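Student:
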Amino acid sequence: MSQTFVIAGGYLNINKAQDWTSTDVVRKLKGVTRSKKIGHGGTLDPIATGVLPICIGSATRFAETVLLGTKSYRINMLLGSSTDTYDSTGEITAEAKFFDVTRNQIIEALEGFKGEILQTPPMYSALHHKGKRLYELARAGIEVERPPRSMRVLSLELVQFEGSELVLDVECSHGFYARTLAHDIGEKLGTHAHMTGLIRMHAGPFKIEDTVSIEDVIELADSGDWRDLLMPIDTTLQHLGRINLNTSLVEMVRHGRPLSISNIGDNGAHRPGERIRAYTPSGELLAILIFEPERLGWRPEKVLAGL
32 MSQTFVIAGG
42 YLNINKAQDW
52 TSTDVVRKLK
62 GVTRSKKIGH
72 GGTLDPIATG
82 VLPICIGSAT
92 RFAETVLLGT
102 KSYRINMLLG
112 SSTDTYDSTG
122 EITAEAKFFD
132 VTRNQIIEAL
142 EGFKGEILQT
152 PPMYSALHHK
162 GKRLYELARA
172 GIEVERPPRS
182 MRVLSLELVQ
192 FEGSELVLDV
202 ECSHGFYART
212 LAHDIGEKLG
222 THAHMTGLIR
232 MHAGPFKIED
242 TVSIEDVIEL
252 ADSGDWRDLL
262 MPIDTTLQHL
272 GRINLNTSLV
282 EMVRHGRPLS
292 ISNIGDNGAH
302 RPGERIRAYT
312 PSGELLAILI
322 FEPERLGWRP
332 EKVLAGL
């Protein structure tokens, strides 16, 4: 008798409200959904709104595929003053009595922040230094050296410029600090600047037009229909190839046994370390397999728990 194999989990594409921390969102949804395994796919500052992917159940095993994906943001920033946090939640540290910046100067300055750039993380960040978070040190009045990190800016456009206010659209690699960009643009223009608003427009395959609110989840919690809001576990894995397994091969993978090329009737050429998605006969994602030439086949790398 064949066994139905159902994977429990998926992603909630949450539109985070302002003043919530990413941890606040996870904590709230953990209680609402009664999920034992839950986490988020990339921190958003309290000032920010927009896309915050929430990994639930087996999807937590693929959180890194969300974290490492590209992101895009809409940034609001103000010229003429800087703050200790690089955004409007902080204390003003410097002000320019007068500055005269043209649209063309801004566009020219933005060119220097495209492509591969080095970015120094702000002191008010969750990065660690000798066992402490940087923001903890900053609150104690301590500033430490932060080595610049390599970032990739795929696109950076000026959307609006009015008075001392700018609106930018940026698409970038993971780990990018929009606050630092605002601060650095101010310096590049010979003045001061800080970020006043931030919307994450997309994170990997998660887009703002597909988001749901925490209130949407709460409304469906009692009936259990909140699961209808889940995006599939393989949402972040579409760049990988796919194979469909029969019942006997499913059992082999579930027990961690490798599959030979002959097992799956695969005559294609594969690279060492190449990964593919393996599915059950009912179409559920079962595992990620990795190709090992020395085995002449595929080894289960991540096997998902079934119900």
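Here this note's numbering runs 31 ahead of the position in the sequence shown, where the first position is 1. We treat Cβ as the ideally placed atom computed from N, Cα and C, and that holds for glycine. None of the values given here were measured: they were computed from a predicted structure.
Quick one: which unbroken alpha helix (DSSP H) runs of 4-plus residues sit fully inside the region 57-145? Chain order, please.
Tutor: Those alpha helix (DSSP H) runs which fall completely within the region 57-145 and span 4+ residues are 94-98, 134-142.
Student: Tell whether a beta-carbon distance below 7 Å holds between Pro303 and Gly328.
Tutor: No, they are not a contact pair.
Student: DSSP on Trp329, reduced to helix/strand/coil?
Tutor: Strand.
Student: If you run the structure through DSSP and keep just helix, strand and coil, what is Glu188?
Tutor: DSSP places Glu188 in strand when its eight states are reduced to three.
Student: What is the rounded straight-line gap between the Cα of Tyr252 and the Cα of Val56?
Tutor: In the sequence under discussion, the amino acid at residue 252 is Ala, which differs from the Tyr named in the question. For Ala252 and Val56, the distance between alpha carbons rounds to 15 Å.
Student: Which term fits Glu325, buried or exposed, when burial requires 16 or more other beta carbons within 10 angstroms of its beta carbon?
Tutor: Glu325 should be labelled exposed.
Student: May I ask you to report which of helix, strand or coil DSSP gives Ser181?
Tutor: In the structure shown, Ser181 sits in a strand (DSSP, three-state: E or B).
Student: With 16 as the cutoff for other CB atoms within 10 Å, does Lys102 come out buried or exposed?
Tutor: By the 10 Å Cβ count, Lys102 comes out buried.
Student: Using the Cβ count rule (16 or more neighbours within 10 Å means buried), how would you classify Gln269?
Tutor: Per the 10 Å Cβ criterion, exposed.
Student: Given a cut-off of 7 Å, decide if Leu271 and Arg231 are closer than it, judged by their beta-carbon atoms.
Tutor: For Arg231 and Leu271, no; Cβs fall outside 7 Å.
Student: Is DSSP giving Arg210 helix, strand or coil here?
Tutor: Helix.
Student: Out of Gly296, Asp115, Asn277, state which residue places its alpha-carbon closest to the alpha-carbon of Gly314.
Tutor: The option with the nearest alpha carbon to Gly314 is Asn277.
Student: Can you tell me the Cα-Cα spacing of Ile321 and Ile264, whole angstroms?
Tutor: The alpha-carbon atoms of Ile321 and Ile264 are separated by roughly 18 Å.
Student: Contact defined as beta carbons within less than 8 Å: I believe Asn107 pairs with Val198. What is the distance between those atoms, to the nearest angstrom?
Tutor: With 8 Å as the limit, Asn107 and Val198 qualify as a contact, their Cβ atoms being about 6 Å apart.
Student: Give the secondary structure of Leu261 by DSSP, where H, G and I count as helix, E and B as strand, and everything else as coil.
Tutor: If DSSP states are grouped into helix, strand and coil, Leu261 belongs with coil.
Student: Does the region 173-186 come into contact with the region 143-160, if we say contact requires no fewer than three beta-carbon pairs (one atom in each stretch) closer than 8 Å?
Tutor: Segments in contact, yes.
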